[in-house]
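A.B. asks: Residue numbers (my numbering): 10 to 154.
Please read through the structure below; I'll follow up with questions.
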């Protein structure tokens, strides 16, 4: 499937981004990754790190001229990752979707379902993804950096 098909299905709509919007999102990511190392609960650190991952996926969509529609925006943003960066990122999208579900549990249902290992794993994933997104931006959309 392609992003164009997603637009045709009404899952995405057009979005014009610019250098400032991408820079602002990158600053949010950096802030969140820094805050995720602070002395707060694993639940909150996980949620903050998940937010950084979501913003990285958002950058990918925005750079490609799209944004999610109102129905399932986090899900669609994450699922677009392998459509943009390639099939090798399919497992990353699956992992981040699992994190999305886990983040929803600690945000809305109950405390303590996230471990320190969960936080460490997600931070590692997000740092790798950040490097990949920046490399991709530099190659495909250098004017946005």
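For every residue, glycine included, the Cβ atom is placed at its ideal position computed from N, Cα and C.
Predicted, not measured: the structure shown is a model, and the values here were computed from it.
Using the three-state DSSP reduction, which class does residue 21 fall into: helix, strand or coil?
C.D. replies: In the three-state DSSP reduction, residue 21 falls in the strand class (E or B).
A.B. asks: Identify every residue that forms a DSSP beta bridge with residue 54.
C.D. replies: Note: residue 54 sits in no beta bridge, so no partner.
A.B. asks: If contact is defined by three or more beta carbon pairs under 8 Å, each pair taking one atom from either stretch, is the region 110-128 in contact with the region 35-44?
C.D. replies: no
A.B. asks: For residue 120 versus residue 65, is the C-beta spacing smaller than 8 Å?
C.D. replies: Between residue 120 and residue 65, the CB-CB gap reaches or exceeds 8 Å.
A.B. asks: At what residues does the beta strand (DSSP E) containing residue 47 begin and finish?
C.D. replies: Run containing residue 47: none; DSSP gives neither H nor E here.
A.B. asks: State the Cα-Cα distance for the pair residue 62 and residue 103, rounded to the nearest angstrom.
C.D. replies: When only Cα atoms are considered, residue 62 and residue 103 end up about 13 Å apart.
A.B. asks: Quick one: complete alpha helix (DSSP H) runs, 4+ long, within the region 43-127?
C.D. replies: Fully enclosed alpha helix (DSSP H) runs of 4 or longer: 51-72, 82-88, 90-94, 99-117.
A.B. asks: Evaluate residue 88 with the Cβ neighbour count: other Cβ atoms within 10 Å of its Cβ, from every protein chain shown; 16 or more gives buried, anything less gives exposed.
C.D. replies: buried
A.B. asks: CA-CA distance, residue 58 and residue 132?
C.D. replies: 6 Å
A.B. asks: So residue 12 and residue 72 are in contact, right, with Cβ under 8 Å, and what is the actual spacing, rounded?
C.D. replies: The Cβ separation is near 11 Å, so there is no contact.
A.B. asks: Skipping 5 residues on each side, what residues in its chain have a beta carbon closer than 6 Å to that of residue 106?
C.D. replies: 87
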